[in-house]
Amino acid sequence: MGIIKVENIRVFAYHGCLKEETKIGSDYRVDLEVEANLQTSAKTDKLSDTVDYVFLNRIIKEEMNIASHLLETVAKRILDRIFNEDNLVKKATVWVSKLNPPIGGDVARVTIKMSEKRKK
Numbered sequence: 001m002g003i004i005k006v007e008n009i010r011v012f013a014y015h016g017c018l019k020e021e022t023k024i025g026s027d028y029r030v031d032l033e034v035e036a037n038l039q040t041s042a043k044t045d046k047l048s049d050t051v052d053y054v055f056l057n058r059i060i061k062e063e064m065n066i067a068s069h070l071l072e073t074v075a076k077r078i079l080d081r082i083f084n085e086d087n088l089v090k091k092a093t094v095w096v097s098k099l100n101p102p103i104g105g106d107v108a109r110v111t112i113k114m115s116e117k118r119k120k
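Residue numbers for the sequence shown, in this note's numbering: 1 to 120.
Next comes the structure, spelled out in structure tokens:
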């Protein structure tokens with residue numbers, strides 16, 4: 001097994017429960033870690049034998065573009081797509097952070113973390 005990380009993906013999106021959040025939007029940070037067997041790709045040197053991080057980044061950007069009330073919903077959609085579209089991924093963890101959240105204080109970010117394993 002091996003780990004692929006795609007870190008500090010910056011996205012502007014329109015998530016939140018407050019009406020203002022869905023109108024003005026916010027900055028977000030997404031981090032992703034996937035576990036997969038990387039032994040084959042290490043031997044073959046072929047992109048088709050590994051998890052393509054360009055593909056992972058695209059999924060994150062596409063799902064972040066769909067407005068949701070909760071970050072948990074966005075994280076679940078990201079994980080579902082990864083498992084549905086890449087059979088090599090055995091486990092994935094995603095962190096979705098809202099930067100400078102409007103929660104009445106000097107808070108750098110709020111983050112949710114969600115993990116899933118491939119069902120056998």
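By construction, the Cβ of each residue, glycine as well, lies at the ideal position given by its N, Cα and C atoms.
- The beta carbon of Lys-5 sits closer than 6 Å to those of Glu-33, all from its chain and outside the five residues before and after it, given in chain order.
- Burial is judged here by how many other beta carbons sit within 10 angstroms of a residue's own beta carbon; Met-1 has fewer than 16 and is exposed.
- Under the criterion of beta carbons closer than 8 Å, Arg-29 and Ser-97 qualify as touching, at roughly 4 Å.
- Take the alpha-carbon of Asn-57 and the one of Leu-38: they are about 19 Å apart.
- Per the C-alpha coordinates, the member of Ala-92, Pro-102, Arg-109 positioned closest to Glu-35 is Ala-92.
- Within the same chain, Cβ atoms closer than 8 Å to the Cβ of Glu-20 are found at Pro-102, the five residues on either side in sequence being excluded.
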